[in-house]
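Q: Chains as they are written, first to last, in UniProt numbering: chain A, 1 to 1069; chain B, 1 to 442.
We put the beta carbon where it would ideally sit given N, CA and C, even for glycine.
Pasting in a structure now, in structure tokens, and then I'll have a few things to ask.
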């Protein structure tokens, strides 16, 4: 390992008079730590010929006699040896020796951590990628994971569905039904907790393991790649260093006008039209007193003569001018504000090193009432005992976070929890909350309250609700790692690691007694009979829902590590170990009715008997909602692993790894519970060969690997499994069960093979360099579905019967464009990732291809967009036209939908980018640095939203309404269908899923800019601290180019991510 | 220290290997179970999301409903079924009318296979009840399927006409083939008779089978086979257990639910509850009951006001297996067997409870044909929306005297369903073909 250590000299003074060749000098100097600039005491200074010895004093100063040509060595534990040949020019001035920490030295050479061992980049045959501390801190975020964005070729954040947050794919997706997310390893063990619990300020670096050779050490859980997060550690023989980092991020309010919508005025006119056609009659007369909008209520009042025509019309005109989105913006949204503070302390003596940090984050979301705060504490201690033969370390990580979620957002404030009508007023001019019709008609509710029969106020005031509920999730996460490593003989280490983790997550939803939820439920169950007291089966008071989940994990690992050189040229690194893992999750949820938060007291209710609804007593089958539930899950793994690397002459490396994983798959034959996975790899540093003489290509290395990783779907079982429903049948009160899985005795693990070829190179004295990789993957035995004739009782069967193949190219290059006082370098990330379903036993259903993006079809990518073929608009009436199975143009939508087969559908293309990457330009001048990241995603498609007429002439629909066909000739400029004469839902679904609404997603985005100003004591001696950095960071800056003509951001179709700007400061003492 | 660590390391590795089996046998989710006990089987049988449901496309395709406005807005499958399209499923692969009964069969087979591994002596009464119930629900599902997906039963052709796949074990890899109608009904009758021996006279809930329901079903089965002697006997056996009929005069037609709820034990007429598959068709604004049916109720007949919701004409009567059907089976069988007095008595016994008190004129002195026609008309008027009409059409069309031609109108064009048309047999869904399963003729 010491081979990699090298020396740096930062400051040398030289003598003006050349001394004679064998002159003897008396040299004085000072030794400081390179990273801290602080003096180091008791450093041994030796000379090689005369073996003079000297020690530095408490100011780091020394004096020693040397001869010309002699080599002076400065040595200190934990630091890299410093050697200097004494020449006349450096012999007479005061020498300043800056010692490099050996640990830092390692990381500078880039050491990949796999969670089992640390592999220097030069010795790695597989595909690794590392995000170092500098790149990691380029972005500002509360979480760690988002910092991987645009930092690793092959790694993409999937954005095809707005419901996915932080969904990551590494080298495409290799599974259909099993877990599709990479394994996250925190230091040495898999991390099962909420990833947002990790404070990014505690993270030293992140390594991503991409191919089989890199990941196979994680075996059956590595099928989706592995992300290894390494936290910061203390260093031996280092004075205490304190660092403070603090930043503030402000985000813009989300743009509510992003998706164009039908205006209030047209909405009201459409309602009037529907009203005259009797559309609302059924609702008006409904026994369940279904709610109606204020406009329809007005029209009813006008019809019934309860309000004059002029009054009604003037009220309608007033409503037309209003847009509820302005109210949302005013009352429910705000600029987001994230604060982050962290402090860390690290250092070490000769036998002890430590790292202590604490972080606090407080985020105010852009929805009022929603915020998040997190406190993290990290304490790590290591001791070297028995003459450094025994290393014992312990580390405790504690996180406490609280998420308040009192603002449900703006999508569900309307009638019966749907989207609200656009002319709603949330508050009057003074900000006093207005009621909005919710579950029952306003008139009905008002009548009830006027009657004074004892019901609670039944009005729903969305603005008031913000303060009436108290919904939060409180999460405590403890992680305790201990490790003992013993050096048995020089070459052999044995280590024992144990991790205990416990996460308790408590969520409390308190609907206070005044909240609409409580009032509504209490009222619905209220029984009022003449001459008898009012009965309330749901008692007065609040309703408190509690959910508690605790997960406990235990990991034990024993490992032997063997490192030995044989002669000069042969070197062997080997490790073998076993580990056992147990994760136990217990979840409980329960509810208190009639809850009094002041005295923490609830009241009992009758869950068994059924009640009538107050509004509609005929429906007499209502049970008081019972939220009691319990869940117990256990995840167990037992694994044996080994990894051997042989290095020849530092040029050629051969590696082999193997792992057996066994898991508690339910009811599977023991021999199928486990799966052996392996990999082999080789690399050759061609530029080290003696005959190599390409001076323009000073570094060239090729490597290749092949191997297997795995995946698992634990929901399946080899036996017939059944599950009891929670609670009994409503009417018979009997318990009942259903069958979950038919038996599958053949169940086994998914296997993914990967072949990887890579080239690492440096050109032109290192001004250009990087690596390029090609991989081919083959996922076999994937859990897929096979169709069964339905008379067997099942329609499909999940088994190991699907295959997906994928291949891709990844490049990570850099160029140093200018390297003087003004420095300019560029990083290029490029990824091509393709995949194809090569075996699938089920012919997909047409409707599934159109609605679900990952419906597998043979020969197509897993995530794909399909659509109905489009034949334009009918010039006579603006009806959309499609094709029947025989190819004829038709507007019989029932027939089109009925006849279209999977092969008749148009395959538009991938739903996930085929090409993606980023270009990062870094410029620095003196103390200023600027980094700009531009990313791109190419060759994929998305489905645009458009108008849906339904049976309401497009009431409240998408703003494409205004682009619709209205008269012959319009079909030349628009492809939006006319309002249908007769409502036809098939027409809507045909249009909505037709190719005309599929757009290219290709785009280039200016992601972010980071500008920082750095001051260090080495440059400015008067600085009271060692280092100060001020930074500004702007994120989500905008799209520079996109293929679609529509106004939509292809990756954020519902709402674009608001721009954010951060300001921060980092101080090292 | 050094030794200790080596010992710990080595022993842990050995320990891992040693505890492997117990460690890995832990269930990943405690709520999962492999059904093995009587409790488990009863819980599966009590799943009335799966059971107590029967096909309904036959109701749509029959002559009880009329569609107006060319069926605008109707779902394709339901519209196709109504207009007797050649291929009513088109691209659809999930046909609930086929899948749901077969799911019931699958559950029943899992229970029957599981019972084989249990000792009956642990709790003989419960064991028998569960076994009888499983046989009943399986037979009920088979019977319902065969009314839609196999050609009508006919004594002459039954040994050659294919029935439907009849899986009798839970092994999903078995491919039993269609067999013949004769074989089918032999198995069905034998299973039901075994079931009747095992079941209690009356069940605790009307969602569970009983001897009463089982005999009623046997009566229905034999009527379908035109075996009127057996139909008569089983109807009699059923009524001897329970012959309750509601006097409709006791009901309030202005109430929103005039009939007592069947479940758990409300409606005294119903022996076994089974709901029709829920199709939007029956709730559509373009669908109403045919004038032919609604005009058949005479003055004083309480059924019209009770069965149909006054405001929208939708059905609100009861479904499943009920005594009114059994009375009508006994009446028809008796009539056909020449016992005209028994037939007349049964008919009058039923109808006097269906007419407003004082308005019903008892049937008497009719010829055999007149009486039969009267009974058949009452079947149509009484057993509305129970799926029985379809089976009756298939049976009665075989005799020219009782055959009817059904007509639909769409865009002025008339669509006709002739008696004994192959369209009285639904096509098998495409997913089912192969492995010796052939499509029905068109």
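Answer with yes or no whether the minimum CB distance from residue 360/B to chain A is below 9 Å.
A: Chain A, which has no Cβ nearer than 9 Å to the Cβ of residue 360/B, makes this no.
Q: Determine, using beta carbons only, whether residue 924/A and residue 822/A come nearer to each other than 9 Å.
A: Yes, they are a contact pair.
Q: Mind checking whether residue 328/B and residue 386/B have CB atoms under 9 Å apart?
A: No.
Q: What residues in the region 719-734 of chain A have a beta carbon less than 7 Å from any beta carbon of chain E?
A: Given the protein chain composition of this structure (A and B), no chain E is represented.
Q: Residue 334/B by DSSP, collapsed to three states: which one?
A: In the structure shown, residue 334/B sits in a helix (DSSP, three-state: H, G or I).
Q: Examine chain A for any beta-carbon lying closer than 9 Å to the beta-carbon of residue 199/B, and answer yes or no.
A: Output row for residue 199/B: interface = no.
Q: Grouping DSSP H, G and I as helix and E and B as strand, with all else coil, what is residue 842/A?
A: Here residue 842/A sits in coil by DSSP.
Q: Would you say the region 884-903 of chain A touches the region 912-919 of chain A, given that touching needs at least three Cβ pairs under 8 Å?
A: No, the region 884-903 of chain A does not touch the region 912-919 of chain A.
Q: Looking at residue 168/B and residue 162/B, is the spacing between their C-beta atoms short of 9 Å?
A: No, the pair does not count as a contact, with Cβ atoms beyond the cut-off.
Q: What in chain B is Cβ-close to residue 797/A, meaning under 9 Å?
A: Result: 172.
Q: Which of helix, strand or coil does DSSP assign to residue 901/A?
A: Residue 901/A falls in the coil class under three-state DSSP.
Q: Please report the distance separating the alpha-carbon of residue 199/A from that of residue 341/A.
A: Cα-Cα distance, rounded: 10 Å.
Q: In the DSSP assignment, the beta strand (DSSP E) including residue 397/A goes from what residue to what residue?
A: Residue 397/A -> beta strand (DSSP E) spans 390-405.
Q: Closer than 8 Å: is that where the CB of residue 346/A sits relative to any heavy atom of the ligand SAH?
A: Ligands in the displayed structure: none, and consequently the ligand SAH is not present.
Q: Can you give the Cα-Cα distance for residue 242/B and residue 274/A, rounded to whole angstroms?
A: Their backbone Cα atoms lie some 53 Å apart in a straight line.
Q: Could you confirm whether any beta carbon from chain A is found closer than 9 Å to the beta carbon of residue 175/B?
A: For residue 175/B, the answer is yes, since a Cβ of chain A falls inside 9 Å of its Cβ.
Q: Just to make sure I have the definition right: I need the residues of chain A whose C-beta is within less than 7 Å of the C-beta of residue 257/B. Which are they?
A: Here the neighbours are 618.
Q: Ignoring anything shorter than 4 residues or poking outside the region 815-878 of chain A, list the alpha helix (DSSP H) runs there in chain order.
A: You should have 846-851.
Q: Where does residue 169/B fall in DSSP's three states?
A: Here residue 169/B sits in coil by DSSP.
Q: Just curious, the alpha helix (DSSP H) that residue 301/A is in, first and last residue?
A: Element bounds for residue 301/A: 294-303.
Q: Is there a C-beta anywhere in chain A that falls below 9 Å from the one on residue 411/B?
A: Judged by the 9 Å Cβ criterion, residue 411/B is not in contact with chain A.
Q: Which residues, taken in chain order from the region 880-902 of chain A, show a beta carbon closer than 8 Å to some beta carbon of chain B?
A: Under the 8 Å Cβ criterion, the region 880-902 of chain A contributes 894, 897, 898, 899, 900 and 901.
Q: Short of 8 Å in beta carbon distance, which residues of its chain neighbour residue 236/B, apart from the five on each side in sequence? Order them along the chain.
A: Contacts found: 330.
Q: For a minimum of 3 consecutive residues, which ranges assigned as the beta strand (DSSP E) are wholly contained in the region 549-637 of chain A?
A: DSSP runs (the beta strand (DSSP E)) wholly in the region 549-637 of chain A: 570-596 and 601-603.
Q: Going by other Cβ atoms of all chains shown within 10 Å of its Cβ, with 16 needed for buried, is residue 568/A buried or exposed?
A: Residue 568/A comes out exposed.
Q: Should the region 609-629 of chain A be regarded as contacting the region 641-649 of chain A, the criterion being three or more beta carbon pairs within less than 8 Å?
A: They do not touch, by the three-pair rule.
Q: Count the CB pairs spanning the region 459-476 of chain A and the region 498-513 of chain A that are closer than 8 Å, and state whether there are at least three.
A: Counting Cβ pairs under 8 Å, three or more are found: they touch.
Q: May I ask you to report which of helix, strand or coil DSSP gives residue 1007/A?
A: Residue 1007/A: strand per DSSP, three-state reduction.
Q: Given a threshold of 16 other Cβ atoms within 10 Å of its Cβ, counted over all protein chains shown, does residue 798/A qualify as buried or as exposed?
A: Result: buried.
Q: Kindly give me the distance between the Cβ atoms of residue 750/A and residue 154/A, rounded to whole angstroms, as I take these residues to be in contact under 8 Å.
A: Their Cβ separation, rounded to whole angstroms, is 20 Å, which puts residue 750/A and residue 154/A out of contact at 8 Å.
Q: Residue range of the alpha helix (DSSP H) that residue 124/B falls in?
A: Note, residue 124/B: alpha helix (DSSP H), 124-149.
Q: In chain order, what residues of the region 283-302 of chain B put their CB closer than 8 Å to some CB of chain A?
A: From the region 283-302 of chain B, no residue has a Cβ closer than 8 Å to chain A.
Q: Determine the DSSP secondary structure at residue 79/B, reduced to helix, strand or coil.
A: Helix at residue 79/B.
Q: Out of curiosity, what's the CA-to-CA distance linking residue 861/A and residue 1062/A?
A: Straight-line Cα distance between these residues: approximately 39 Å.
Q: Just to confirm, are residue 227/A and residue 203/A a CB contact at a threshold of 9 Å?
A: No.
Q: Are any of the Cβ atoms in chain B nearer than 9 Å to that of residue 788/A?
A: Judged by the 9 Å Cβ criterion, residue 788/A is in contact with chain B.
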